[in-house]
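>
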Amino acid sequence: MAEGSTVLVTGATGFIGRRLVDALVDQGADVRALTRRPERYNGAGTPYGGDVSDPASLAEPLAGVDVAVYLVHSLDREDFEERDAAAARAFGAAAAEAGVRQIVYLGGLGDDGDELSAHLRSRREVESLLGEAGVPVTVLRAAIVVGHGGISWELTRQLVKNLPAMVVPRWTSTRTQPIAVDDVIRYLVGVIGDERAFGEVFEIGGPEAMTYVDMLEIAAEVQGGKPVPLVRAPVLTPRLSSFWLALVTDVDVTTGRNLIDSMSTEVVVTDGRIRELVPGEPLSYREAVQRALAERLQEGLEV
Numbered sequence: 002m003a004e005g006s007t008v009l010v011t012g013a014t015g016f017i018g019r020r021l022v023d024a025l026v027d028q029g030a031d032v033r034a035l036t037r038r039p040e041r042y043n044g045a046g047t048p049y050g051g052d053v054s055d056p057a058s059l060a061e062p063l064a065g066v067d068v069a070v071y072l073v074h075s076l077d078r079e080d081f082e083e084r085d086a087a088a089a090r091a092f093g094a095a096a097a098e099a100g101v102r103q104i105v106y107l108g109g110l111g112d113d114g115d116e117l118s119a120h121l122r123s124r125r126e127v128e129s130l131l132g133e134a135g136v137p138v139t140v141l142r143a144a145i146v147v148g149h150g151g152i153s154w155e156l157t158r159q160l161v162k163n164l165p166a167m168v169v170p171r172w173t174s175t176r177t178q179p180i181a182v183d184d185v186i187r188y189l190v191g192v193i194g195d196e197r198a199f200g201e202v203f204e205i206g207g208p209e210a211m212t213y214v215d216m217l218e219i220a221a222e223v224q225g226g227k228p229v230p231l232v233r234a235p236v237l238t239p240r241l242s243s244f245w246l247a248l249v250t251d252v253d254v255t256t257g258r259n260l261i262d263s264m265s266t267e268v269v270v271t272d273g274r275i276r277e278l279v280p281g282e283p284l285s286y287r288e289a290v291q292r293a294l295a296e297r298l299q300e301g302l303e304v
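Below, the structure written as structure tokens:
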């Protein structure tokens, strides 16, 4: 990333966005943090009011921007596919009108040939719609991002904390490739403004492919110092699982169901080109869990 570049970060108050804004400011970028409530923003960068679902609100935030980072989704809404498609199309058009050189998008892993869930299918659609008006899009596709405040990590943390034993659904045997949030930020910063990444799709992940059961077992060991007994229940469907999650965690049913629907699809890295563009060894899952718990403790919260 060229020092002094102007970068707009959407979703700037979110799990990924707030960390990215901090990292970009540290790199010397002129960062604009897009938020619907700029008067309440207290993070790094300069707050700009705007809403990706309101095209008229995007002209001022995007004026003079070199790179726009798109970190927006509507997983907590039943009609998230339609909402996310409309917002991506509007944002891509506004970025083109403003002369933005690159859009960077964090999408979801998964083989295009697979029967993708609605969640992953929507992520793919957003990828194409963002570039429909002509701005080159750089896509980073990730599976579960592990870090304090991330919804997928919170599901894991709360499950191993709240249950003395777990009845786990069949989908927990599906393989995934979790990645530490620190590595996601490192990759995002690494592709911003790099012309070699324009129009490219990269897969990002940690060093290990593992099942969700593996993730639960390691998280239980790190968090509680001992394993949590696991019993598999093959008849627990994704829909029933979402109600189960809502009972034992603070994740709402709609978000839980949309996430679980994706967990029956294997999501592992098959293309490692990103490590040629952004060198460095990613953190292991265990290290990512340790960092997530340490950050939680730093905020004075129980683990």
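Under this note's numbering, residues 2 to 304 are what the sequence shown spells out, in order.
We put the beta carbon where it would ideally sit given N, CA and C, even for glycine.
Nothing here was measured: the structure is a model prediction, and the numbers come from that model.
(1) Check whether the segment 216-223 and the segment 278-291 touch, using three or more Cβ-Cβ pairs below 8 angstroms as the test.
(2) Compare the Cα-Cα distances from residue 211 to each of 41, 87, 145, 22 and report the closest residue.
(3) Go through its chain and collect everything with a Cβ distance to residue 127's Cβ below 6 angstroms, but skip five positions before and after it.
(4) Does any CB atom of chain C fall closer than 9 angstroms to the CB of residue 138?
(5) Could you spell out the range, first to last residue, of the beta strand (DSSP E) harbouring residue 204?
(6) Buried or exposed for residue 301, going by 16 or more other Cβ atoms inside 10 Å?
(7) Around the Cβ of residue 204, are there at least 16 other Cβ atoms within 10 angstroms (buried) or fewer (exposed)?
(8) Where does the unbroken alpha helix (DSSP H) through residue 151 begin, and where does it stop?
(9) Compare the beta carbon distance of residue 10 and residue 35 with 9 angstroms and say whether it is the shorter of the two.
(10) What does the alpha-carbon distance come out to for the pair residue 135 and residue 217?
(11) Using C-beta distances below 8 angstroms, list every residue in its chain close to residue 298, excluding the 5 sequence neighbours before and after it, in chain order.
(12) Along the chain, where does the alpha helix (DSSP H) that runs through residue 214 open and close?
(13) Could you give the C-beta distance for residue 109 and residue 142, rounded to a whole number, given that I count them as a contact under 8 angstroms?
(14) For a test of the three-state rule: what should DSSP assign to residue 186, helix, strand or coil?
(15) Going by alpha carbons, who is nearest to residue 87 out of 227, 25, 56, 248?
(16) Helix, strand or coil for residue 72 per DSSP?
(17) In whole angstroms, what separates the C-alpha of residue 59 from that of residue 74?
(18) Have a look at 271, 26, 130, 285 and flag the residue whose alpha-carbon is nearest the alpha-carbon of residue 181.
(19) How long is the line joining the alpha carbons of residue 95 and residue 283, rounded to whole angstroms?
(20) For the alpha helix (DSSP H) containing residue 291, list its first residue and its last residue.
(21) Which runs of the beta strand (DSSP E), 3 residues or longer, sit entirely within the segment 22-93?
On the basis of the data shown:
(1) Under the Cβ criterion (8 angstroms, minimum of three pairs), the segment 216-223 counts as touching the segment 278-291.
(2) For this step, residue 211 is matched to residue 210 along the sequence shown. Out of 41, 87, 145, 22, 145 has the C-alpha closest to the C-alpha of residue 211.
(3) Looking up residue 127 in the sequence shown gives position 126. Within the same chain, residue 127 has close Cβ partners 85, 89.
(4) Absent here is chain C; the protein component of the structure consists of one chain.
(5) Counting from one through the sequence shown, the residue named residue 204 turns up at place 203. 202-204 is the extent of the beta strand (DSSP E) around residue 204.
(6) Within the sequence shown, residue 301 is the residue found at index 300, counting from 1. Counting the other Cβ atoms within 10 Å of the Cβ of residue 301 gives fewer than 16, which makes it exposed.
(7) Working through the sequence shown from its first residue, we reach residue 204 at position 203. Under this definition residue 204 is a buried residue.
(8) Position 150 of the sequence shown, counting from 1, holds the residue named residue 151. Note, residue 151: premise wrong, no alpha helix (DSSP H); not H, not E.
(9) For this step, residue 10 is matched to residue 9 along the sequence shown. For this step, residue 35 is matched to residue 34 along the sequence shown. Yes.
(10) Locating residue 135 in the sequence shown gives position 134, counting from the first residue. Locating residue 217 in the sequence shown gives position 216, counting from the first residue. In a straight line, the C-alpha of residue 135 is about 42 angstroms away from that of residue 217.
(11) Along the sequence shown, one-based indexing puts residue 298 at 297. Excluding positions up to five away in sequence, the list reads 304.
(12) Position 213 of the sequence shown, counting from 1, holds the residue named residue 214. Here the alpha helix (DSSP H) through residue 214 covers 213-225.
(13) By 1-based counting over the sequence shown, the position of residue 109 is 108. By 1-based counting over the sequence shown, the position of residue 142 is 141. Contact holds; Cβ gap of about 6 angstroms.
(14) Working through the sequence shown from its first residue, we reach residue 186 at position 185. Correct three-state label for residue 186: helix.
(15) Looking up residue 87 in the sequence shown gives position 86. Of all alpha-carbon atoms in 227, 25, 56, 248, the one lying nearest the alpha-carbon of residue 87 is that of 56.
(16) Your numbering for residue 72 matches position 71 in the sequence shown. Coil at residue 72, not helix or strand.
(17) As a working mapping, residue 59 is identified with position 58 in the sequence shown. As a working mapping, residue 74 is identified with position 73 in the sequence shown. Residue 59 and residue 74 have their C-alpha atoms some 17 angstroms from each other.
(18) In the sequence shown, counting from the first residue as 1, residue 181 sits at position 180. Cα-wise, what sits closest to residue 181 is 285.
(19) For the purposes of this step, residue 95 is taken as the residue at position 94 of the sequence shown. For the purposes of this step, residue 283 is taken as the residue at position 282 of the sequence shown. Their backbone Cα atoms lie some 35 angstroms apart in a straight line.
(20) Residue mapping note: residue 291 aligns to position 290 of the sequence shown, counting from 1. For residue 291, the enclosing alpha helix (DSSP H) stretches over residues 286-299.
(21) Fully enclosed beta strand (DSSP E) runs of 3 or longer: 31-36, 47-50, 68-71.
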